[in-house]
Structures are given as C-alpha cells and as structure tokens.
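Residue numbers (our numbering): 982 to 1183. Report on the structure given below.
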Amino acid sequence: MKSKEWIQRQNYDFYVKKAKSLGYVSRSAFKLIEIDEKFNLILKSNTIAEFGSSPGGWSQIICSRNHRVKIYCFDLLPMQFQNKKILFHKKNFLEYDFNSCKNYFDLVLSDVAPNTTGHKSTDHLRIMSLVNNIIDISKLILKKNGSLVFKIWRGSKDIELINNLKKNFKTVKEFKPKSSRSESSEIYFIAKGYFRTENTLL
Ligand SMILES: C[S@@+](CC[C@H](N)C(=O)[O-])C[C@H]1O[C@@H](n2cnc3c(N)ncnc32)[C@H](O)[C@@H]1O
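Here it is in structure tokens:
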C-alpha cells in the first residue's frame, strides 16, 4: 500500500480517531480492551510481561485496570506511555536472559510484530518465529495456571502451533477483536491454565 493511501485510511479509521480522543497512544489499546472484556485477565494478574509494548497502548489499559500491577515491557522502540508500574526494557527480547524471572509472571502478553514484507507467507513465518520464541520464554517465566496472549498473522503453521500450546495450557482459544481490521489476517490466541509436563523443555 502506498504511504498516501495508508495515511488516508488511518485518518478515516474510527479507532484511530477514538484513540486520539481518549488519549491512547495507539489504536491497539482497543484490542486489549476487547480481549480483557472477553477473557478477564488483567485484574487477576499482578505480574505481567509484555512483548512488543511500544508505543504503550496496552500498558495504558493495564495500568488503568489494575492498580497493583507490575509490568515488564520489552520493545525495540521507545515507549510513549510511562508509569511507575512499568519497567521498560528497550531491547530485542530475543537477547534478554529470562533465567532470573522463572515462575514469576501471572500473564504474558505479546503484540510483537516484525516489519512486514507484503508477502503473506513470508510475514506469517516471520511472526511465527518470534511467537515460538515467546512461547518458549513463557514456559520458563509463567507461574502455574498463568495465561499467555499473543498475535499471529494466519498461515500454514497455525495448526502446529495450537497443537503444541495444548500440551501446556488447559484451554487455547482464538479471538479476532472487532477493532482489528477485517482485511488483516491478524488473530489473537488466548491460552489459559499453564502447566508443565515432564517433557516441557526449559
Ligand atoms: C503492533 S506494535 C505493538 C503495539 C502495542 N501493543 C501498543 O499497544 O502500543 C508491535 C511492536 O513489536 C515490536 N517488536 C518487533 N520485534 C521485536 C523484538 N524482537 N523485540 C522487541 N520488540 C519487537 C515493534 O518494535 C513494535 O513496537
């Protein structure tokens, strides 16, 4: 899409306008609102790891819904939203050593997205590679019964991913928020009730 068309679409996008009027730093905030309204995760999670956190729309929602929360945020780009409940790491999460955070988090959230190429299957494989790393990290850092939320762009590796998740989570559901553009292949997965098995590789 040409950058002019993209800007026009953004300008007319209902959620972009709504985000501006409510003071949200990104339209993504609405996706987390919808996820939380359906799956009820934020209030019961006092320790949250957030991957792909910038500019900070999701963090805004979390801070407004849970006053006891501590959020560990990771992004390559700076956060526009700051709050004393947030510990921000401006870092590629793949280079972070999570061994000091074993069994620490109630909830892991990922809105991580790589730069797109426009080639659907390439973009799918690139996001899947990041998400598979997040799933491995989650197995280390989630508490028993913790939850994991992440986004992918749909493609050939979906089924394999869901089957893998089912080995370590009691329930795995998919969810397409209304605020996610209908023409986008973006979909969120909500995995609840983490448990380790003898075969869980850590
Ligand atoms: C869709 S945005 C996240 C929006 C955010 N949820 C919000 O509400 O403001 C995706 C983010 O993933 C980040 N990202 C992509 N690859 C990353 C990596 N390897 N490590 C950390 N952040 C990454 C990008 O820098 C980008 O800010």
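Just so it is clear, CB atoms sit at the ideal spot from N, CA and C, and this is done for glycine as well.
Buried or exposed: which applies to residue i, given that a residue is buried once 16 or more other Cβ atoms fall within 10 Å of its Cβ?
i	result
P1158	buried
T1181	exposed
S1119	buried
F1170	buried
F1176	exposed
F1150	buried
L1058	exposed
I1140	exposed
Within a Cβ cutoff of 7 Å, which residues of the same chain sit near residue i, ignoring the five residues on either side of it in sequence?
i	result
I1014	I1042
T1098	D1104
R1107	P1095
T1028	K1051, Y1085, F1086 and D1087
S1009	G1038, W1039 and D1092
V1153	I1143, L1146, K1147, F1170 and A1172
Could you check how far apart the C-beta atoms of residue i and residue j are, in whole angstroms? I think they sit under 8 Å.
i	j	result
E1167	W1134	6 Å
H1105	S1137	7 Å
V1006	Q1061	4 Å
K1012	S1161	6 Å
Looking at chain B, is there any beta carbon in it that lies within less than 7 Å of the beta carbon of residue i?
i	result
S1009	You won't find chain B in this structure, because it holds only one protein chain.
Grouping DSSP H, G and I as helix and E and B as strand, with all else coil, what is residue i?
i	result
E1164	coil
I1140	helix
Y1169	strand
V1050	coil
V1093	coil
I1016	helix
V1130	strand
L1088	strand
E1155	strand
H1105	helix
Using a Cβ-Cβ cutoff of less than 6 Å, which residues in the same chain neighbour residue i once the five nearest sequence positions on both sides are dropped?
i	result
V1093	F1032, G1033 and L1111
D1017	I1023
Y1053	A1030 and L1068
M1109	K1138
Hey, would you say the C-beta of residue i is under 6 Å away from at least one heavy atom of ligand 1?
i	result
P1036	yes
V1130	no
V1089	no
N1064	no
L1106	no
F1074	yes
A1000	no
D1117	no
S1026	no
V1093	yes
W1039	yes
L1058	yes
Got a sec: does ligand 2 put a non-hydrogen atom nearer than 6 Å to the Cβ of residue i?
i	result
F1055	No copy of ligand 2 occurs in the structure displayed; its ligands are ligand 1 alone.
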